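Numbering (our numbering), first residue to last: 39 to 225.
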């Protein structure tokens with residue numbers, strides 16, 4: 039509620055919430071009396087997600103700190119960057135690394151809603167900075183983080199795997215594998 043007083047015309051749109059999440063979020067929204075500032079939209083096809091991103095000034099990815107989020111990068115990060123929107127992400131390792139490296143947005147402490155609110159206020163305090171962060175993100179999404187670069191790395195990895203597997207087609211000829219009762223074991 040405090041952020042809504044500091045940022046004019048603030049509207050939080052949560053896109054992709056599942057039914058169970060929507061129920062929990064709506065309860066919290068009612069408790070905080072912030073219904074006029076928040077819209078919850080269910081799952082949307084990619085084209086509509088892009089439209090929501092383009093209609094936003096900032097795209098937030100507020101991942102909580104779990105083992106899974108410490109090792110994965112959501113596509114929505116790069117989608118927002120491609121849409122030239124600055125991102126506000128939690129401090130889980132991969133998000134923090136990419137956003138700080140590219141200067142595509144700000145990072146808040148994971149699981150800390152107060153820090154999220156402060157960083158959001160900071161972003162909106164300088165409208166020119168929002169544009170700059172968005173441009174930085176788009177440049178990175180079209181450059182280092184472009185799919186063509188990932189595709190090349192992935193193809194290279196598959197070729198390396200194929201080169202390794204070809205001479206070792208059977209478990210008997212693979213020195214890294216050992217027969218055991220019930221199957222094979224990597225040694």
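Cβ coordinates follow ideal geometry from the N, Cα and C atoms, glycine included.
Remember, predicted model here, so these are calculated numbers, not experimental data.
Checklist entry - According to the Cβ coordinates, are residue 44 and residue 122 closer than 8 Å? => result At a Cβ-Cβ threshold of 8 Å, residue 44 and residue 122 do not count as neighbours.
Checklist entry - How long is the line joining the alpha carbons of residue 131 and residue 140, rounded to whole angstroms? => result Here the alpha carbons of residue 140 and residue 131 stand approximately 14 Å from one another.
Next on the checklist: Taking only three categories from DSSP, how would you classify residue 146?
Outcome noted: Residue 146 falls in the strand class under three-state DSSP.
Checklist entry - Are there 16 or more other CB atoms within 10 angstroms of the CB of residue 199, so buried, or fewer, so exposed? => result Under this definition residue 199 is an exposed residue.
Next on the checklist: Does residue 224 come out as helix, strand or coil in the three-state DSSP assignment?
Outcome noted: Only weak support exists for where residue 224 lies, its pLDDT of 45 falling under 50; the coordinates are left without a value.
Next on the checklist: Suppose only complete runs of 3+ residues qualify. What are the beta strand (DSSP E) ranges in the region 61-122, listed by chain order?
Outcome noted: Those beta strand (DSSP E) runs which fall completely within the region 61-122 and span 3+ residues are 76-79 and 97-99.
Checklist entry - With 16 other CB atoms within 10 Å as the buried threshold, where does residue 195 fall? => result Looking at its Cβ environment, which holds fewer than 16 other Cβ atoms inside 10 Å, residue 195 is exposed.
Item to check | Selected residue, minimal CA-CA separation from residue 46, among 56, 75 and 142 | outcome: The option with the nearest alpha carbon to residue 46 is 75.
Next on the checklist: If I measure Cβ to Cβ from residue 81 and keep anything under 6 Å in the same chain, skipping five residues before and after, which residues do I get?
Outcome noted: Only 54 meet the Cβ criterion.
Checklist entry - Going by alpha carbons, who is nearest to residue 171 out of 143, 179 and 77? => result Nearest in C-alpha terms to residue 171, of all of 143, 179 and 77, is 143.
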